[in-house]
Amino acid sequence: SSENHHLAAGMLDRWWSTTHRRGIYSASVAWAEALPAHVLNEYPGVQLWRSLYLLCERRFGEARLLIERVAAQLSRMAQDPSVDPLRLRQWEHWLLHRKLMLARFSDDIPGIERLAAEIEQKASESIDYYLEGSVQLGLLLARREQYRLGDCEALIVASREMFLRSANEPALIWHGCIAGPALLQRGEIDAAIEHYRASLALVMRVGVMGDQDMAAMPLVLLAEALIERYELPEARDCYERAEPMGHGVGLIEDLVAAYVSRARLCAHDGDQAKAQALLREGLGQAQAGGYERLRWHVVHERIRQAVLAGDVLGAQRVASDTGLPQDEALLRPGTAVTTKHEVMAMAWARLAMACGRHAEALRLLRAWLGFAQSCGAVASQVRLGILAARAQFAGGDGRGALRTIRQALGQAAIGGMVFAFVIEGEPIRSLVLKALEADHETDAAFGVLRRRLCLALGVPLPNSQPNRKSLVASANELPGRDIRDSAAPSEPLTAREVDILRFVSRNLLNKEIGDRLGLTEGSVKWYMQQIYDKLGVRRRVGALEKARTLGYID
């Protein structure tokens, strides 16, 4: 009956904050949705709670419509003198909070800051710890994305304190999953892992939203952090546990970890089919939800994998299909950049290097490196430094590349970043080994990094044997060939380089080789330079003679 419906709605209105603190999400939403729409519309508080859970599940269209309806309803109620002004003001504060949550979940960075300021201004007299904690957490996300990392620690502490005071354990789950990426950007991987483990433990204890949905969020983020530390067995286990849960709850970071970081791990493990399937699924999620940051992470990883496989034409196709800007000036860091723009710049630089435009790539990467250094963005400095070293090496500046890789290793030691170096292949592998062989740092963190990198690269620690061979030489020893053989190249030729040499042996020009392999003439020149460096020659004739001696070509 109508009377019973109103009685049930009134009970929900009074008790919803309690059910929220206890993590009784699914049941309370089901109770509300069992009521007639015309009854629910008389209870703005119930509708506002419903909108929050719709946002958590990324049902933005439904949530936005509900928020708009409540806003219109509150405007009408403001003209009604019979409405309790205190109750009305509370609803207005919660309406602002839901708008803030919509901005947060949909990755609207300017919207987060604008709404956070509005809430702090209009709700300053309100002593609602959950509301205040949400504001601080929203600001943390927005400032992390804009490289404003100076007050991240204060925001992490303040938001956690507010959630503890509100006795809202589910909010602490979200807190750990938003604080973690900020700590990763600062190079504090151990602290990020600690937050993710705490969030996962809370999910299991509190049991919110049916464990399945909520647990996937900290699991995939934990896996991503473990990958960077090269703790791959546990990372794989986390992904396997999360896979049947789906990714219906969470933020953009969770989707990047679930699809892009996992695809990177699969590619490293040699499972290219799984890697490509994950990237396709991630792109579908990005397009369906309008997640631009996720989309560009997927694009960058597709270009990275294509370039490393020698498929420059495929990488160019990805860039063209996804609208990657062609002018590097459009990708330089400025006052309004976010991490999305950094990922776009790295994708552009990779493609430029693959096409032989090393100087342009290096110019863009140096601009971003300087920006990241000024912001204290440690993880960005490592990623950008690795690419800059690649550009320097490809451009013939081997010493400069080694200096840059040493700087990147110094930053990586802060948090133990390993995987970023391992997945880049040559020449980064050789540069890292040279740097580790030459440097004798006494810093404990650097020592830990050296051990992890050597383990990941499958080489002994420098100075670990009385008659140690050069790390680079032992790492690049050809199967079945004595390392002392002066005919051996410094590193094996890749399949693409052997293909190019076969065309060279038929006296084809660089442009003709490019046409047959789907490469630009500049890319063929770049590959030829790599061949010369590996074989220790400077001309085509010498390269062919050395390649025949080593059995690469007939």
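Going by this note's numbering, the first residue of the sequence shown is number 37, and it counts up by one from there. Cβ coordinates follow ideal geometry from the N, Cα and C atoms, glycine included.
Check	Outcome
Counted within 10 angstroms of its Cβ, other Cβ atoms place Q323 as buried (16 or more) or exposed	exposed
Helix, strand or coil at I459 according to DSSP, with G and I counted as helix	coil
Nonlocal neighbours in the same chain, by C-beta distance under 6 Å from R95, ignoring five residues either side	none
Host alpha helix (DSSP H) of L124 (start-end)	121 to 141
Whole-angstrom distance between V534 and W562, CA atom to CA atom	14 Å
DSSP state of L514 mapped onto helix, strand, coil	Only weak support is given to the placement of L514: the predicted model assigns it a pLDDT of 30, under 50, and the question is left unresolved by the model.
Three-state secondary structure assigned by DSSP to Q157	helix
Nearest-angstrom Cα separation, counted from V296 out to Q312	10 Å
For H231, the three-state DSSP class (helix, strand or coil)	helix
Between the CA atoms of E149 and E189 - distance to the nearest angstrom	17 Å
Distance between L493 and L469 (C-alpha atoms, nearest Å)	9 Å
Proximity to L255 [Cα-Cα], best of M281, V242, E264, Q109	M281
Residues of its chain near E328, where Cβ-Cβ distance is below 8 Å and the 5 sequence neighbours each way are ignored	D143, A322, K376
Cα-Cα separation, R222 to V414	5 Å
Residues of its chain near A355, where Cβ-Cβ distance is below 6 Å and the 5 sequence neighbours each way are ignored	L387
Through-space distance from L91 to G147, alpha-carbon basis	15 Å
CA-to-CA distance, W85 to D247, given in whole angstroms	Because the pLDDT of D247 is 41, which lies under 50, any placement of that residue in the model is unreliable, and the number read from its coordinates should be weighed accordingly. Those two C-alpha atoms are separated by around 20 Å.
Distance between beta carbons of L485 and G452, contact taken as under 8 Å	6 Å
Whole-Å CB distance - L398 paired with Q428, under 8 Å assumed	6 Å
Any 3 or more C-beta pairs closer than 8 Å across the stretch 358 to 373 and the stretch 121 to 139	no
Chain B within 9 Å of C188, Cβ atoms only	Reference to chain B is not applicable here, since this structure consists of a single protein chain.
Extent of the continuous alpha helix (DSSP H) run through D273	268 to 278
Sufficient close CB pairs (3 or more, under 8 Å) joining the stretch 170 to 177 to the stretch 397 to 411	no
Whole-angstrom distance between R353 and A385, CA atom to CA atom	15 Å
Supposed close pair A303, S559 - CB separation, criterion 8 Å	That pair is no contact at about 21 Å.
Rounded straight-line distance, which links the Cα of G81 to that of A383	45 Å
Best match in R338, L319, G325, I339 for proximity to L331 [C-alpha to C-alpha]	The sequence given here places Arg at residue 331; Leu does not occur at that position. That would be L319, whose Cα lies nearest to the Cα of R331.
N-terminal and C-terminal residue of the alpha helix (DSSP H) that C391 is part of	Unbroken run through C391: none, as it is neither H nor E.
Contact set for A531: own chain, Cβ-Cβ below 8 Å, skip 5 residues either direction	G346
CB of A456 within 9 Å of CB of R419, strictly	yes
Contact set for S141: own chain, Cβ-Cβ below 8 Å, skip 5 residues either direction	Residue identity differs from the one stated: residue 141 is Phe in this sequence, not Ser. Once the five neighbours on either side are set aside, the close Cβ partners of F141 are L91, C92, R94, F96, L287.
Contacts around S500, its chain only, beta-carbon distance under 7 Å, and the 5 residues preceding and following it disregarded	Below a pLDDT of 50, predicted positions are generally treated as unreliable, and S500, at 45, falls in that range; the measurement from the model is reported next regardless. Answer for S500: no residue qualifies.
8 Å CB neighbourhood of I422 in its chain, flanking five on each side removed	I441, A444, A456, F457, E460, I464
Collapsed DSSP secondary structure at R575 in the structure displayed	coil
Secondary structure of N546, DSSP reduced to three states	helix
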